[in-house]
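First comes the structure, then the notes that go with it.
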Amino acid sequence: MSVKTYELTKYFNKLCAVDHINLEIGNESFGLLGPNGAGKTTTVLILTTLLKPGTGDAYVCGYDVVKEAKKVRNVISYVPQDMAVDIKLTGRENVLLFAKLYGVADRKKKVDEVLELMGLSERADDRVNSYSGGMRRRLELAQALVHEPQVLFLDEPTLGLDVSARRKMWEHISSLKKKGVTIFITTHYMDEADKFCDRVAIIDRGKIVAMDSPAKLKNSIGKDVITASVSGEFKGLNIEGITFLGREIDNIKFTAESGSEALPLLSEALSRQGLKVHSLSVREPSLDDVFLQKVGTQEEQGSFDDYKFRTLLRRRK
Amino acid sequence: MKGVQYYFERDLKRWIRSKRAVFASLVMPAAWLIFVGLALPIRFTNNYLDFITPGILVMTMLFASMQGGTLLIFDKILGFLNKFLALPVPRESILFGKILFITFRGLLQSTVILGMAVLLGVKINYFATIPLTYLVLFIFGILFSAIATTIALLVDDYETYAAINSMASMPLFFTSSALMPYEVMPHWLRIIASLNPVSYAIDTVRTLFSGTFLLNGITVLIAMSLVVLMISVYVFRRATV
């Protein structure tokens with residue numbers, strides 16, 4: 071078992087950030103999904119020994135994160151969401167620093183190897199201030215990989231990256247999984263987790279509300295998802311075989327076993343309520359729909375982290 | 537121990553590569569030396585430049601050390617600290633690496649100031665003055681960079697740190713024996729100045745320049761440094777678990 075938690079709980083004053091979480095993660099890529107403030111980062115901080123749990127236990131590769139913290143740090147790598155690389159140093163120097171700190175044997179060779187693996191060899195001797203956001207992220211992955219961790223923790227690895235950088239990042243993450251590294255990812259991009267994670271857990275207000283493979287989670291809510299774009303007040307409806315999933319502003323979502331049969335029924339029922347139906351569409355369920363069903367739409371929680379925001383802005387240059 | 541060295545090297549490389557910062561850090565002490573040491577019309581002593589040079593050397597160290605806390609603040613804000621804390625290397629290496637680097641950087645700046653002072657005519661008559669001056673500055677630097685990093689661990693943002701820094705550094709300097717001998721100070725200032733740790737360093741360096749060695753001053757500085765280092769480690773451990 072790479073990661074195991076038992077009734078893991080963490081309070082910040084009265085706010086319960088992590089609420090009796092039980093996880094069992096083997097050698098797989100595991101995604102922890104949820105909105106901002108749901109407790110994703112808190113969970114990762116506890117697992118990476120950066121934060122003491124309140125109650126409950128957590129083990130990484132069999133080591134207790136509190137009592138055997140140093141052993142845990144020997145087998146993991148952690149990439150926080152902040153994108154912290156030294157811009158005045160070259161890419162190679164950044165990775166070399168971590169190789170030294172990890173006490174990697176034969177570090178020159180190993181550094182070359184991970185830079186190559188992340189596709190940074192050509193730019194390795196340039197200072198990082200000339201790197202794009204995607205390259206900086208990959209540099210952080212290179213730093214994390216230089217000591218061959220058994221478990222890699224990635225907190226929002228694609229935050230702030232453009233589409234192509236994001237895709238590239240995921241390709242790299244997938245290739246690591248093939249090499250046998252257990253990957254623990256937090257993200258709020260459902261589509262990415264759907265594509266790249268073996269299993270996902272949805273966390274909301276500190277609680278795990280669903281956990282399974284993306285395919286099984288999607289199947290669990292029905293075969294088809296119908297989205298009705300309407301204006302007017304929706305009063306709810308009761309048609310056999312059609313389940314109300316949730317509402318996102320003017321889009322009402324339903325699930326049904328057969329979307330094409332449900333469409334005319336829905337259209338009629340909604341019109342009868344006096345709603346103006348602008349469009350109806352049928353598609354396969356996504357993790358977003360699962361999320362909508364388990365959690366519902368929600369306000370952003372937690373205080374706005376204005377330092378993080380400014381830090382991100384500063385780096386956009 | 538190795539960890540301390542690696543963290544030290546990281547900060548050193550980053551500092552050397554910001555040439556403007558290196559230059560700018562030398563301007564203020566140099567300006568003090570030249571404008572106050574040479575141009576001030578009021579003279580508290582016969583050769584004021586000789587008198588003020590130890591004060592400016594210690595001031596360089598004081599300001600460099602207090603400024604150094606920003607390194608840790610930014611490591612904290614930008615996420616470096618969390619990355620480092622998740623590494624298997626002993627966590628305290630981060631703290632000791634910082635304190636050593638800040639002190640070392642202060643010593644480099646002091647060296648430039650010392651060189652300038654000699655060019656301006658300050659005479660160093662005894663060979664032992666120089667290594668012993670460095671020793672005093674080093675201990676003083678450890679003391680104040682430990683204070684600075686402790687403050688940096690306790691506050692969350694740069695603005696607060698900068699405010700505390702400027703609130704503390706200037707008064708510490710002005711209430712020390714840097715600018716005038718104890719004899720000409722008003723009574724109340726004399727009391728404050730004789731308690732101020734900055735004065736201990738200045739008085740010790742000043743006596744070194746005149747050829748004697750004040751064991752008292754250096755003993756007090758060492759004792760203070762050890763106490764502050766222990767507090768610093770305690771705060772660090774509490775802040776990082």
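Top to bottom, those sequences are chains H and F.
Each residue of the first sequence is one higher than the one before, starting from 71 at the first, in the numbering used here.
Each residue of the second sequence is one higher than the one before, starting from 537 at the first, in the numbering used here.
C-beta: ideal position from N, C-alpha, C; glycine also.
Listed in chain order, the alpha helix (DSSP H) runs fully inside the segment 622 to 701 of chain F are 628 to 655, 665 to 690, counting runs of at least 4 residues. Looking at the DSSP output, H/ALA326 sits in a beta bridge with H/ASP294, H/ILE312.
For the set H/GLY302, H/LEU93, H/ILE309, the Cα lying nearest the Cα of H/GLY344 is the one of H/GLY302.
F/ALA699 has a beta carbon lying at 9 Å or more from every beta carbon in chain H.
Taking 8 Å as the Cβ-Cβ cut-off, the segment 145 to 171 of chain H approaches chain F at ILE146, SER147, TYR148, VAL149, PRO150, GLN151, ASP152, MET153, ALA154, ASP156, LYS158, LEU159, GLU163, LEU167, PHE168, LYS170, LEU171, given in chain order. Interface annotation, F/ASN661: not in contact with chain H, CB-CB separation never under 9 Å.
Under a criterion of Cβ atoms nearer than 8 Å, no residue of chain F is adjacent to H/LEU185; the nearest Cβ is some 18 Å distant.
Excluding residues up to 5 positions away in sequence, PRO590, LEU593, VAL594, THR669, VAL672, LEU673 lie with their Cβ nearer than 8 Å to the Cβ of F/VAL741 in the same chain. Judged by their CB atoms, F/THR606 and F/ALA698 are nearer to each other than the 9 Å cut-off. Sorting H/PHE82, H/ASP156, H/HIS242, H/SER234 by C-alpha distance to the C-alpha of F/ARG546 places H/ASP156 at the top.
Closest option to H/THR75, judged by alpha-carbon separation, among H/GLY104, H/ARG207, H/THR325, H/VAL114: H/VAL114. Boundaries of the alpha helix (DSSP H) around F/THR740: 733 to 745. Going by C-alpha positions, H/ASP127 is about 10 Å away from H/ILE116.
Taking the Cβ atoms as the reference, H/ASP282 lies roughly 21 Å from H/ALA326, outside the contact range of under 8 Å. Contact between H/GLY329 and H/VAL352 holds: their C-beta atoms lie close to 3 Å from each other, under 8 Å.
For H/ASP268, no alpha helix (DSSP H) run applies, since DSSP gives it neither H nor E. Of the other Cβ atoms in all chains shown, fewer than 16 fall within 10 Å of the Cβ of H/GLU94; this residue is therefore exposed.
Taking CB atoms only, H/GLN220 has no neighbour in chain F less than 9 Å away. Judged by DSSP in its simplified three-state form, H/ILE319 adopts coil rather than helix or strand.
One thing to note: F/PRO626 has its Cβ no nearer than 9 Å to the Cβ of H/TYR172.
A buried status is given to H/GLU210, since no fewer than 16 other beta-carbon atoms sit within 10 Å of its beta-carbon. H/ARG162 is not bridged by DSSP to any residue.
Interface residue (Cβ-Cβ distance to chain H less than 9 Å): F/PHE637 is not classified as such.
The criterion of a C-beta distance shorter than 9 Å is not satisfied by H/THR252 and H/GLU226.
Annotated as proximal: H/VAL135 and H/THR119, with beta-carbon spacing under 9 Å. For H/LEU335, not one C-beta of chain F is nearer than 9 Å to its own C-beta.
Per DSSP, the unbroken beta strand (DSSP E) holding H/ARG353 starts and ends at 346 to 353. Here H/GLY306 has PHE314 as same chain residues with Cβ atoms under 8 Å from its own Cβ, once five neighbours each way along the sequence are excluded.
Burial state of F/ASN701 is buried, judged by a 10 Å Cβ sphere holding 16 or more other Cβ atoms. Looking at the DSSP output, H/GLY101 sits in a beta bridge with H/ILE255, H/VAL270. Where F/MET595 is concerned, the enclosing alpha helix (DSSP H) starts and stops at 584 to 613. Annotated three-state conformation of H/LEU211 is helix, per DSSP. For H/LYS277, the closest alpha carbon among the candidates H/ASN92, H/PHE82, H/VAL73 is that of H/ASN92. With a threshold of 9 Å between beta carbons, F/GLY677 makes no contact with chain H. Residue-level contact by beta carbon holds for F/SER554 and chain H, with a gap shorter than 9 Å.
Look at H/ASN92 here: in three-state DSSP terms it is strand.
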